[in-house]
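Heads up: the structure comes next, in structure tokens.
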Amino acid sequence: MNNINDSILPADFYQQPTLELAKSLLGCLIVKETADGTASGFIVETEAYIGPGDRAAHSFGNRRTKRTEVMFGNSSLIYTYVMHTHTLVNVVSGGPENPEAILIRAIEPYSGLELMHERRGIADIRKWTDGPGKLTKALGITMDDYGRSFTAPPLYLAAGKKPGHISSGPRVGIDNSGEAKDYPWRFWVTDNPFISRKNLIKKRVPK
DNA sequence: TGGGCGATGGGCT
DNA sequence: GCCCATCGCCCAC
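No gaps in the numbering here: position 112 of the first sequence is 1444 in this note's numbering, and each next residue is one more.
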């Protein structure tokens, strides 16, 4: 792969509207350094959560608890939380006192492949990081990362490479969120093999 | 190839 | 005690 830019993205990068940022994150490299080594991948799928008006967002109605507190802080902060037995990772957006976030749903493995393989324990590389709970396990992201910033190690974002075509559609797994369930706030790199829940995406009909 | 469902743990009322 | 921004197995087709 050519034209990889692995320089850390500055805080300025995160100062854009959440829906724009959700698209800008596609193609960026997410890197996690741990005692076991470093692993990284290109972000290929994101979802925007725009509280307090978004019923699907944890910050809906400006709900402010110990868990959601970080969403009220500066853009570029790391919001991790546990869903069932899995850790999910979000990029805080929207600026101070405006609780918005972007969920990272899938990545394309780039470096630290042996480490990711070991952590996931299955042979098929396409199943290592094609879901929000899977990619955190592959990269070694945990609740210890809560409240850190994506602008510095051990968990940071770098410029990466520009994606080809971007698609959008409804978000996943939020069926009981009223009209918000239909908002097309899920973004992905068109035809990328590492997208999660591919069964929910209409297949492009070959000519 | 994909839908259905149970496991499982933390946050919140 | 209930609610999930999930995962992976099982089984039908």
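Just so you know, even glycine gets a beta-carbon here, dropped at the ideal spot from N, CA and C.
Check residue i in the structure and name its three-state DSSP category.
i	result
residue 1480	coil
residue 1333	Residue placement at residue 1333 is poorly supported in this model, since its pLDDT is 49, which falls under 50; the coordinates still yield a value, given next. Reduced to three states, the DSSP call for residue 1333 is coil.
residue 1412	strand
residue 1343	helix
residue 1521	strand
residue 1536	Only weak support exists for where residue 1536 lies, its pLDDT of 49 falling under 50; the value from the coordinates is given anyway. The answer is coil: DSSP assigns residue 1536 none of H, G, I, E or B.
residue 1432	strand
residue 1455	coil
residue 1338	strand
Measure the C-alpha to C-alpha separation of residue i and residue j and round it to an integer number of angstroms.
i	j	result
residue 1323	residue 1483	With the chain represented from 1333 up to 1539, any question about residue 1323 goes unanswered, as that position is not in the structure.
residue 1361	residue 1347	18 angstroms
residue 1350	residue 1453	35 angstroms
residue 1333	residue 1441	At residue 1333 the pLDDT is 49, less than 50, meaning the model places this residue with poor confidence; the figure from the coordinates comes in the next sentence. So the alpha carbons of these two residues sit roughly 12 angstroms apart.
residue 1426	residue 1416	27 angstroms
residue 1538	residue 1450	Confidence at residue 1538 is low in this model, with a pLDDT of 45, below 50, so the placement of that residue should be treated as unreliable; the coordinate-derived value is given next. Answer to the nearest angstrom: the Cα atoms are 37 angstroms apart.
residue 1501	residue 1357	16 angstroms
residue 1466	residue 1494	23 angstroms
residue 1497	residue 1380	18 angstroms
residue 1512	residue 1456	34 angstroms
residue 1475	residue 1399	11 angstroms
residue 1304	residue 1480	Not covered by the structure: residue 1304. The range shown for the chain is 1333 to 1539.
residue 1393	residue 1407	19 angstroms
residue 1486	residue 1369	11 angstroms
From which residue to which residue does the beta strand (DSSP E) around residue i run?
i	result
residue 1448	Looking at the DSSP string, residue 1448 is not in any beta strand (DSSP E); the run it does join, the alpha helix (DSSP H), is 1445 to 1452.
residue 1422	1418 to 1425
residue 1500	1498 to 1501
If you check the beta carbons only, do residue i and residue j fall under 7 angstroms apart?
i	j	result
residue 1488	residue 1402	no
residue 1439	residue 1385	no
residue 1433	residue 1337	no
residue 1473	residue 1423	no
residue 1371	residue 1435	no
residue 1378	residue 1519	yes
residue 1412	residue 1478	yes
residue 1419	residue 1468	yes
Considering residue i, what are the terminal residues of the alpha helix (DSSP H) in which it resides?
i	result
residue 1491	Unbroken run through residue 1491 is the beta strand (DSSP E), 1487 to 1492; no alpha helix (DSSP H).
residue 1465	1464 to 1471
At what residue ranges does the region 1353 to 1399 contain a whole run of the alpha helix (DSSP H), taking only runs of 4 or more? The qualifying runs do not exist here; there are none.
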